[in-house]
Amino acid sequence: ITCILVKMPFNMAIFNSNAAERIIDQFPEIKNWYIAGHSMGGAMASNYASKNQDKIKGLILMGAYIYGDYPDEKALTIYGTFNTSVAEKIDYTKNIVVIEGGNHAQFGNYGKQKGDPDATISREEQQDIAVEAIKEFLAKE
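Residue numbers (my numbering): 33 to 173.
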């Protein structure tokens, strides 16, 4: 699996919401693209995937939910039990992984986030569970 991490201006995907376009153009040999994001990055990934369904085979969201018109059967949504804002927005039932004791910020490595409850599992444990869920999702495709 080739994984490409795109640096975003001010670490905020909203400032470069079409970054995937440039990356996809740079790697024409890659035929199966999955796009992923956490939080606002997930919203931007979802928006891009919705508008470019012919280019994107799957969508992976961490601490985020499908935004736009992307088929839920082609998306994986992962969130922690302490990330209630995501749970409230999900109106679909396919490919959802809820990490018991996980929160919003622990999908990243940026420390505590204002308004985010403390997790009852470690960041490493939450990220390991997320990685396993992603691997299982990719293996099904």
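Quick reminder that beta carbons are idealized off the backbone N, C-alpha and C, glycines included.
Keep in mind that this is a model prediction, so the values were computed, not measured.
Rank Glu61, Asp86, Lys63, Val38 by C-alpha distance to the C-alpha of Gly74 and give the top, closest one. For the purposes of this step, residue 74 is taken as residue 42 along the sequence shown, with counting starting at 1. Nearest C-alpha to Gly74: Val38.
How many whole angstroms separate the CB atoms of Val130 and Ala96, which I take to be in contact at a CB cut-off of 8 Å? Here residue 130 corresponds to residue number 98 of the sequence shown, with the count starting at 1. Here residue 96 corresponds to residue number 64 of the sequence shown, with the count starting at 1. Wrong, their Cβ atoms sit about 14 Å apart, outside the cutoff.
Reduced DSSP secondary structure (H/G/I, E/B, other) of Ile153: Residue 153 sits at position 121 when you count from the first residue of the sequence shown. In the structure shown, Ile153 sits in coil (DSSP, three-state: anything other than H, G, I, E or B).
Could you check where the beta strand (DSSP E) with Thr109 kicks off and where it finishes? The sequence position of residue 109 within the sequence shown is 77, counting from 1. Start and end: 107-112.
Inter-residue CB distance, Gly100 and Ser78 (contact presumed, cutoff 8 Å): Residue numbering aside, residue 100 sits at position 68 when the sequence shown is read from its first letter. Residue numbering aside, residue 78 sits at position 46 when the sequence shown is read from its first letter. Right, the Cβ-Cβ distance comes to about 6 Å (below 8 Å), so this counts as a contact.
Compute the Euclidean distance between the alpha carbons of Gly134 and Tyr124, then round it to the nearest angstrom. Residue numbering aside, residue 134 sits at position 102 when the sequence shown is read from its first letter. Residue numbering aside, residue 124 sits at position 92 when the sequence shown is read from its first letter. Rounded to the nearest angstrom, the two C-alpha atoms are 20 Å apart.
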